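Notes for the one structure printed next.
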Amino acid sequence: MPKSVGLDLGWGWIKAVEINQDLELLKIGKIKVPRNTNRDEKELYISKIKELFQSINLSRDNVIINIRGSFILARTYLPPSSNKDDFEQWFVDSIESIIPGTPIEDVIYSYELFPSGRALIAFAKRKEIEKQLEMLKSCSIIPASIDASCLALYDAFLPHPWMRKKKNFAILDIDAYSTGILIIKHGEAFASNIINYASMISKKGKERDKKLISYISINLEKLFEFYKQKENLKIQNIIIVGTYSTIPGLRKNLKTKYGYKIGLGNPFLYHNIKLPKAYNKRQNPVYAQALGLAVKGLSKKGIDLIPYEIKESHKISLYNKRTKKIAKLSAIFSGLISIAMIILLMSVSNSNKELSNQVTELKSKKESLTYINGEQTLLANKLLNLKQLTKKMIPWSEILYDLGKNVPQGIYFKEITTESRLVTTGTKVERKIRVVVEGNSQSQRIVLDYIKNLERKFKDIVIKNIKGEAKCEFKISIGI
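Quick note on our numbering: the sequence shown kicks off at 1 and runs consecutively.
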């Protein structure tokens, strides 16, 4: 039965929830990540993740993680059209204004289109994503998906009555060193925010709690006022979850001082998760993001910040694993068949004809298994070869030869240059190279004859400029 593991990589705690397709809670656990130690942060996280997975025996298949930090941007936009092709064209035209000053090659992005027509878009720095993947690889984990910031809270509370009623509200995930805030507008994820207080929390006990409540309340009021002024979005309802969601006085402060309505932060209840008898239900709000990630892993929808090329490499790796597994099983079956053949030969000496038929049948099965094994290996090699072919360089010598071949009399080249354009391929933006040819011609007809000759080799030809009739200047762009 399909399973999913939600791995919430917080700054104070790492939390994990494992569920199956029947929404049964299989494993749950958390581990504290201490700060201000002499250990390297990356090595500390690696050791803590390994310790958590080993202590509760978590599955390493279909692990969904989240990634947090100042290098993450997640919010919704209203494109002119919700049509997939129109949206992607709008996105290509707008991306440099959405994330100004950041080269497109340095950014990973993913989007989800909502029924309202709005698009939830998440961005992250490619280097930070690659660091996260490298860290998890050290833990023998290849994540199936990477979510952004605290967006998993949307999946965690999707069945909540406020979602169904399309209300405006906020979900707060209060952790040891920060609070993740997800703004919900008309029942859809709108924007993620963070209140960071790691540098100010130096005390413990009641003094820390009092200081923390005051800091969260003040900054929350400022944030809600911003959305009220900027987006005409009024927020009066709040759901509180997280490790420190039960701080004494927090709910009372937000309710009496600011007038917020506080909703029940129990995502396990809304998803009807089947809990073990010994499970402590008071822990439910603590694991809200981890549960949201696990639920998302069963649907395989929404934001995913894993780079496209890494996804493809992972697919080939999984295929090779399956191929090796099949080959191993084939070898075992072949061995068992061989043993069966020997036993039959030794025990059924008085039934030569019957024995002969059985041996022939077993040999046929063995040959079939060997053939399947060979075909699987051959197919895996072909996939690897196809992957290598995609990395081939552009054959400039061949292109220049085709440009110069069959040039009609009366055409003179002035300049051959290149230009690049941003185009979308799936969820990835790439730069495509085009060749621009400029020159003079004795007539427009000769230019059209030249283009006709080029169409034998090139499919994407655009006349960018043509001036004059008897003697004309021309400029054409050719896709390669």
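Heads up, the beta-carbon is just placed ideally off N, CA and C, and yes, glycines get one too.
Everything numeric in this text was worked out from a predicted model, so none of it was measured.
In this structure the region 131 to 143 does not touch the region 162 to 172; the number of beta carbon pairs closer than 8 angstroms is below three. In this structure, the alpha-carbon of LYS464 lies about 10 angstroms from that of VAL437.
Contact between the region 15 to 32 and the region 51 to 66 is present, with at least three C-beta pairs closer than 8 angstroms. By the Cβ-count criterion, PHE157 is buried, with 16 or more other Cβ atoms from all chains shown falling within 10 Å of its own Cβ. In the DSSP annotation of this structure, the continuous segment of the alpha helix (DSSP H) that includes GLY297 starts and ends at 288 to 299.
Taking a 10 Å sphere around the C-beta of GLN409, we find fewer than 16 other C-beta atoms and assign the residue as exposed. In this structure, LEU305 sits near ILE108, with a CB-CB distance shorter than 7 angstroms. LEU454 carries a helical assignment under DSSP once its states are collapsed to helix, strand and coil. If you draw a straight line from the Cα of LYS255 to the Cα of GLU419, it is about 59 angstroms long. Rounded to whole angstroms, LEU269 and ALA294 show a C-alpha spacing of 15 angstroms.
Residue range 72 to 77 is occupied by the beta strand (DSSP E) that includes ARG75. Going by beta carbons, TYR77 and ALA119 fall inside the 7 angstroms limit. Taking 4 residues as the shortest admissible run, the region 22 to 70 contains the following complete alpha helix (DSSP H) segments, listed from N- to C-terminal end: 41 to 56. A check of alpha carbon separations from ILE183 across PHE413, LYS234 and ASN196 identifies LYS234 as the nearest. The Cβ atoms of ALA152 and GLY12 do not sit closer than 7 angstroms to each other. Nearest C-alpha to ILE72 among THR179, GLN21, LYS131 and SER192: SER192. In the same chain as SER145, and ignoring 5 residues on each side of it, the C-beta atoms closer than 6 angstroms to its own belong to ILE64 and ASP304, in chain order. Secondary structure at VAL435: strand, using DSSP grouped into helix, strand and coil. Within the region 133 to 207, the runs of beta strand (DSSP E) at least 3 residues long that lie entirely inside it are, in chain order, 145 to 148, 169 to 174, 178 to 185 and 188 to 196. Assigned with DSSP and collapsed to three states, SER443 falls in coil, not helix or strand. By the Cβ criterion, the region 34 to 52 is not in contact with the region 86 to 95, since fewer than three pairs of Cβ atoms, one from each stretch, lie closer than 8 angstroms. Following the DSSP letters along the chain, one finds ASP460 in no alpha helix (DSSP H), marked with neither H nor E. Taking the Cα of GLN236 as reference, the smallest distance to any Cα among THR246, ILE247, LEU250 and GLU221 is reached at GLU221. DSSP, read as helix, strand or coil, puts PHE413 in strand. Taken atom to atom, the span from the alpha-carbon of LEU448 to that of SER97 is near 39 angstroms.
Your pair ILE478 and ASP460 checks out as a contact, with CB atoms roughly 7 angstroms apart and the cut at 8 angstroms. With a contact defined as Cβ atoms closer than 8 angstroms, ALA290 and LYS15 qualify at about 4 angstroms.
Distance check between ARG251 and each of PRO34, SER214 and GLY69 places SER214 closest, using alpha-carbon atoms only. Nearest C-alpha to ILE451 among ILE218, ILE141, LYS405 and PRO34: LYS405. Burial check for ASN66: the Cβ neighbour count within 10 Å reaches 16 or more, so the residue is buried. For PHE458, the closest alpha carbon among the candidates LEU400, PRO285, GLN444 and GLU473 is that of LEU400. GLU51 places its beta carbon 7 angstroms or farther from that of PHE114.
Taken in chain order, the unbroken stretches of alpha helix (DSSP H) that lie wholly in the region 203 to 269 and span 4 residues or more are 205 to 231 and 250 to 256. As a beta-bridge residue in DSSP terms, LYS15 pairs with ASP8 and LYS30.
ALA170 and ILE238 do touch by the CB rule: their CB atoms are close to 5 angstroms apart, below 8 angstroms. Residue pairing from DSSP places PHE474 in a beta bridge opposite GLY439 and ILE466.
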